[in-house]
Every structure is written in C-alpha cells, then in structure tokens.
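Using this note's numbering, you'd call the opening residue of the sequence shown number -1 and step up by one each time.
The C-beta atom is built at its ideal place from N, Cα and C for all residues, glycine as well.
Computed from a prediction, not measured in an experiment: that's the story for all the values here.
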Amino acid sequence: MAAQVDSTKVIEDTERDLKYWGWACRKNSETLGLPTISGLAQTIAHIRAQTRKQKGVRRNKLRGARKALQRAGLPIDAKLIAIELGFADPEPTAKGKQKQTFIEPRLELNNVAAQIDAIVGDLANWARKCIRRSYQYGQADRFAADDLRMPVGEYAQRRRAAVEMVAAKRIERYSAAVNPPGGIARPAAP
C-alpha cells in the first residue's frame, strides 16, 4: 500500500489536509463531544470544592469570617459571607437580560475534513494514535516518542508511514474521477 504512494506532492497535500482536519476537530470539539480544556478545568475545580466541603474547610472559614465581623461590630449575614468567600452565588439579576443564547451548535466540517476523518477512523490502532497525537493534538515527535518510550527517529518513521497509509487510502477511495479537475477543493488555511 505504501509502495503505491511515492509522490512527495501527494504526501505533502495529505499532511496539509491532516493539519486542517486536526484544526477542524479542535474547533468543533464541543459539538463532537470531545473534552475541552475549559471543561476539564471546571471539572477539576468542582472536585476540589467538593473535597474541601467534605473536610469542613467551608464551615471553618465561615466561622472565622463571622467572628471577624462580630469583632468589628458589623451586622452578620451568612449569605454575604458565603458570597464573599466564594461558597455561594450572588443574587441573580432581575433585569431580564439573556445570559445564554440557546442556539444549537452546528458541526462545521467540510469535504476534506470529513474524508480525512473517515480514513483515520479506519486505520490500524498504532497509525491512528500517531495521526491523532501529531495532527489533532499537535504533539511534537520528541514528546510523543518520550510518552511511548521509543527513539524519536523510530516514532518519526511510524508517523511518516501512517501519513503514507492515509494518502494511499485516500487515493483508493477518492479517485481522480470523483474529484474536481483541480484536485480536492480545499478551504483557506486557518
């Protein structure tokens, strides 16, 4: 299969399209159901807050704030103390302003990204992992090689072989008769 694809132009086009595919997947990660950095950060913050509540940190901080207010001679309001310490939300505004736009998210993948996605899904496990590490998540070869505990040169050869497999499968599936005369229509690079 890799012997059929020896043209460097085809491989360069495939690498460019793989980069576009990775960008499109990252852009549409919420619609596709993939975790996002902000979503993971919110989950971690929630778990930490729950752990702190279990340890009684909240109760102790509220008591300390209450005693400080008593010493200062200020009125004690448990809700205000909790809001100031970050344990409660402030009162919602009653101005009728819309907080969220309840618009359904749309998946924005064009023909190139859909083709690459279908091909990557059918690859062998080792090739799919190489493609996702390098193009979807943007991990450099040296870091990927460290994670997999192999020499950088060997990982680079694996990635190159995976790209050649994608190029070969792309030629098999989407032959010149199907594509437009100028080749596969590509959008402008992001």
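| query | result |
| --- | --- |
| My understanding is that Ile79 touches Arg69, with C-beta atoms under 8 Å, so please give their C-beta distance in whole angstroms. | Actually they are not in contact, since the Cβ atoms of Ile79 and Arg69 sit about 14 Å apart, beyond 8 Å. |
| Classify Gly20 as helix, strand or coil using the three-state DSSP reduction. | helix |
| Could you give the distance in angstroms between the alpha-carbon of Arg130 and the alpha-carbon of Gln137? | 9 Å |
| Nearest to Phe111 by CA position, among Lys77, His44, Thr12 and Asn123, is which residue? | The residue you asked about is not Phe; residue 111 is Ala in the sequence shown. Of the candidates Lys77, His44, Thr12 and Asn123, the one whose C-alpha sits nearest the C-alpha of Ala111 is Thr12. |
| Is the region 143 to 150 in contact with the region 159 to 168, if contact means three or more CB pairs nearer than 8 Å? | no |
| Work out the CA separation of His44 and Arg171 for me, nearest whole Å. | 46 Å |
| Can you give the Cα-Cα distance for Asp145 and Ala47, rounded to whole angstroms? | 31 Å |
| Helix, strand or coil: how does DSSP classify Gly151 here? | helix |
| Indicate the three-state DSSP secondary structure (helix, strand or coil) for Ile74 in the structure shown. | coil |
| Looking only at its own chain, which residues have a Cβ that is under 6 Å from the Cβ of Val8, when we skip the five neighbours before and after it? | Ala165 |
| DSSP on Glu106, reduced to helix/strand/coil? | coil |
| Whole angstroms is fine: what's the gap from Thr49's alpha carbon to Arg61's? | 19 Å |
| Excluding the five sequence neighbours on either side, which residues of its own chain have a C-beta within less than 7 Å of the C-beta of Gln113, listed in chain order? | Arg168 and Tyr172 |
| Using alpha carbons as the reference points, say which of Lys77, Arg140 and Asn108 lies closest to Leu16. | Asn108 |
| Could you spell out the range, first to last residue, of the alpha helix (DSSP H) harbouring Asp120? | No alpha helix (DSSP H) holds Asp120; DSSP gives it neither H nor E. |
| Starting from Ala143 and walking both ways along the alpha helix (DSSP H), at which residues does that stretch end? | Asp139 to Leu146 |
| Expressed to the nearest angstrom, what Euclidean distance is found between the alpha-carbon atoms of Ala142 and Arg156? | 11 Å |
| When you compare only the Cα positions, how much space is there between Tyr153 and Trp124? | 11 Å |
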